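Some notes on the structure that comes next.
Number of protein chains: 2
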Amino acid sequence: MRIGIDLSGVDDKNEIISFLNTFYEKDVTMVSYGIPQDLNFIKNEHIEKIFCSEEVHISDDPARVHRRKKDSTMIRMINDLKEDKIDISISGGSTGAYMASGIFIIGRISDVKKPALATVLPTVTEHKFLLADLGANVEAKPKDLYNYAKLSILYMKNIYKIDNPTLSLLNIGTEENKGNKLYKEAFLLLKNGFGNFKGNMEAREILNHKYDIILADGFSGNILLKTIEGVAKSLSSMIKSIFLSSILSRISGLLIKKQLKIFKKKFDYSEYGGAILLGLTKPLIKVHGSADKKAIYFAVQQAKKIYKTNLYEKMIKEFKGE
Amino acid sequence: MRIGIDLSGVDDKNEIISFLNTFYEKDVTMVSYGIPQDLNFIKNEHIEKIFCSEEVHISDDPARVHRRKKDSTMIRMINDLKEDKIDISISGGSTGAYMASGIFIIGRISDVKKPALATVLPTVTEHKFLLADLGANVEAKPKDLYNYAKLSILYMKNIYKIDNPTLSLLNIGTEENKGNKLYKEAFLLLKNGFGNFKGNMEAREILNHKYDIILADGFSGNILLKTIEGVAKSLSSMIKSIFLSSILSRISGLLIKKQLKIFKKKFDYSEYGGAILLGLTKPLIKVHGSADKKAIYFAVQQAKKIYKTNLYEKMIKEFKGE
Chain A
1 MRIGIDLSGV
11 DDKNEIISFL
21 NTFYEKDVTM
31 VSYGIPQDLN
41 FIKNEHIEKI
51 FCSEEVHISD
61 DPARVHRRKK
71 DSTMIRMIND
81 LKEDKIDISI
91 SGGSTGAYMA
101 SGIFIIGRIS
111 DVKKPALATV
121 LPTVTEHKFL
131 LADLGANVEA
141 KPKDLYNYAK
151 LSILYMKNIY
161 KIDNPTLSLL
171 NIGTEENKGN
181 KLYKEAFLLL
191 KNGFGNFKGN
201 MEAREILNHK
211 YDIILADGFS
221 GNILLKTIEG
231 VAKSLSSMIK
241 SIFLSSILSR
251 ISGLLIKKQL
261 KIFKKKFDYS
271 EYGGAILLGL
281 TKPLIKVHGS
291 ADKKAIYFAV
301 QQAKKIYKTN
311 LYEKMIKEFK
321 GE
Chain B
1 MRIGIDLSGV
11 DDKNEIISFL
21 NTFYEKDVTM
31 VSYGIPQDLN
41 FIKNEHIEKI
51 FCSEEVHISD
61 DPARVHRRKK
71 DSTMIRMIND
81 LKEDKIDISI
91 SGGSTGAYMA
101 SGIFIIGRIS
111 DVKKPALATV
121 LPTVTEHKFL
131 LADLGANVEA
141 KPKDLYNYAK
151 LSILYMKNIY
161 KIDNPTLSLL
171 NIGTEENKGN
181 KLYKEAFLLL
191 KNGFGNFKGN
201 MEAREILNHK
211 YDIILADGFS
221 GNILLKTIEG
231 VAKSLSSMIK
241 SIFLSSILSR
251 ISGLLIKKQL
261 KIFKKKFDYS
271 EYGGAILLGL
281 TKPLIKVHGS
291 ADKKAIYFAV
301 QQAKKIYKTN
311 LYEKMIKEFK
321 GE
């Protein structure tokens, strides 16, 4: 298989370059898209290089990038994905530009009006779950959430080998009639459409539930994801500063160093791979702008699973009703 | 001044009863609304007792409680507020029933179509802020958010003595054109309406910003609040279990016992008083169902400030354009 990787858009390109410089797998070819000064740092003959003349920046208008920056690393990669020159693409660049260009160039699965961005997240137990939508579609309709459910179920079945994934709808209360018009209507569609729909879930339970898939509209899903990130980060730095505040507390920190590492590892999102744009006919993986070598490694593992399980063919078939 | 307090609806009524049994302030009369078997536990002659025959339950339809349970503790109290028999009301009962009955019985300030529920929250620094709306109105219009801003500014000016409170809009990105239609339009109204509007804020910064007021529609605001609560709770129990996992870690915990207490205290929301329903002509304070003696104490302090500063008269005047 052939995996495209965008060298631009991440905070530290050296992380990707250093990953690529040691990469070799018999059945996987990495195709790197970069500007010459970046590609020149890749010294590994197994890596294919696609020389591009420009980069997409966070300030570029997402809706116009695919027309205005045709020779950029991101757009060249997405075009190659469309033309089957690569099987899957990975980028840490502007989420908006990547999503919009993916929709314009690759196109949607028939019947999917709006794609969703989804990612796997940890809970405080060993349980992991898929959250969709993280913000691809901020004006969701009830049918969109229904489609996210269909796509998410296939993702969890194939990538995480869960036979019959459970679904829950993020809402402001657990009762059936909770939420606004969008959520009330989505609830009914999900209830009638999926035997494994378990009803509404409150955000309070987000790190402490057993569902395999949590559905939300893109606006609320984005607020949810960023609140988890922000609160976890703020509390971690508070705890860190407690351990550094005195000699006694430093000793205290040393005594539980191992446990603190396990704690930190659990909330190291990079191990769960990148976010995936569900609803397009081909797979685009979005890694964090701060992605390091390890995050890229896990995104490549995710890409391999998506390819090997024929996930996207299955998704397309599902919507054709085959 | 006369403060009404609802004995029903909280997880532990003894907390309120025990607060009332030791309460005495020359200028403050507490008026307690309860069923006889609860009121009989109040042995303090300074406390007025209003005997009611029924209670509002979480299962009661919020929109109908004010007609169906006229002799309940909550509805008797709100009716007394309307008739000036008390100046302010405090309840830990069903938020939906309390809000809906407040709107029906007390009524809205002219021009405020939808009231907001607002509360003061901590950050990791000493800074506190008001978050509105927490979920009173899940179908907000841009003008609703504009009105929340006007009401919130008066709240922070009077209750927290902040001369010129800064405002920010919760959104999925900081740029001006971020979010859905509601948020794009609300942004423009806020930008044109308030010199101290500082633009959008991402949920990632929620415990780490300097704004005095954060505005959100009720759906997103509720997701935000409950995610903060849930993540903080989950992480705290993880940390607690780390400290209990071995003898070494128990020793570690003892070494930083004092700092952990300070940490816990910061996120003890009860010290910030209850949530307030902004947009009605009279003040209703909502305390948590799990409110303890201390939470009731701080809600009473909040009630006194609201009364002394004539906050509600000022709010009504503000909307009359006086």
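As they're listed, the protein sequences go chains A and B.
So that you can map any letter, position 143 of the first sequence is 143 in the UniProt record's numbering, and since no number is skipped, the others follow by simple counting.
So that you can map any letter, position 280 of the second sequence is 280 in the UniProt record's numbering, and since no number is skipped, the others follow by simple counting.
Glycine included, every Cβ here is placed at the ideal spot set by N, Cα and C.
Note that the structure is predicted; figures quoted are calculated from it, not measured.
Using CA coordinates, which residue listed in B/K286, B/K317, B/I306 is at the minimum distance from B/M77? Checking every option, the nearest Cα to that of B/M77 belongs to B/K286.
Assign B/L182 to one of two classes, buried (16 or more other C-beta atoms within 10 Å of its C-beta) or exposed (fewer than that). buried
When we look at the beta-carbon of B/G279 and count the other beta-carbons within 10 Å, is it buried (16 or more) or exposed? buried
Can you check DSSP and say which residues form a bridge with B/V120? Its beta-bridge partners are B/L130.
Any chain A beta carbon closer than 8 Å to B/I206: Contact of B/I206 with chain A is assigned, a C-beta pair being separated by under 8 Å.
Taking a cut of 7 Å between CB atoms, which residues from the segment 199 to 233 of chain B lie near chain A? Listed by position along the chain: E202, A203, R204, E205, I206, L207, N208, F219, S220, N222, I223, L224, K226, T227, I228, E229, G230, V231, A232.
When burial is assigned at 16 or more other CB atoms within 10 Å of the CB, is B/K70 buried or exposed? exposed
With a Cβ-Cβ cutoff of 8 Å, do B/T123 and B/H209 count as a contact? yes
Quick check: is the beta carbon of B/S72 nearer than 8 Å to any beta carbon in chain A? no
Cutting at 7 Å between CB atoms, please list the residues of its own chain near B/Y98, excluding the five before and the five after it. Once the five neighbours on either side are set aside, the close Cβ partners of B/Y98 are M74, S91, L284, K286.
Three-state class that DSSP yields for A/F197 in the structure shown: strand
When the Cα atoms are used, what is the spatial distance from B/E185 to B/N177? 9 Å
At what residue ranges does the segment 127 to 168 of chain B contain a whole run of the beta strand (DSSP E), taking only runs of 3 or more? 128 to 132, all fully within the segment 127 to 168 of chain B.
Is B/I90 near the ligand COA, going by C-beta to nearest heavy atom under 7 Å? As for the ligand COA, it is missing from this structure, which has no ligand bound.
Using a cut-off of 7 Å between C-beta atoms, extract the partners of B/N180 located in chain A. V138, E139, F219
Start-to-end residues for the alpha helix (DSSP H) that takes in B/L39: 36 to 39
According to DSSP, is A/D87 part of a helix, a strand, or is it coil? Three-state DSSP puts A/D87 in coil, outside helix and strand.
Taking C-alpha atoms, which residue in A/D163, A/T125, A/I223, A/A136 lies nearest to A/N171? A/I223
Does the contact criterion of 3 or more C-beta pairs under 8 Å hold for the segment 246 to 256 of chain B versus the segment 255 to 265 of chain A? yes
Residue from B/I88, B/P36, B/S32, B/F187 whose Cα sits closest to the Cα of B/A303: Closest option to B/A303, judged by alpha-carbon separation, among B/I88, B/P36, B/S32, B/F187: B/I88.
For B/L7, which three-state DSSP category applies? coil
Residues bridged to B/N171 [DSSP beta-bridge criterion]: According to DSSP, which records beta bridges pairwise, B/N171 is partnered with B/E202.
When you compare each of A/T125, A/D60, A/D84 to A/V31 by their alpha carbons, which one comes out closest? A/D84
Cβ closer than 9 Å: which chain A residues qualify as neighbours of B/V120? Correct list: empty, because the minimum Cβ distance to chain A is about 17 Å.
Residue environment, A/Y24, which counts as buried when at least 16 other CB atoms sit within 10 Å: exposed
Minimum Cβ-Cβ distance from A/F129 to chain B less than 8 Å: no
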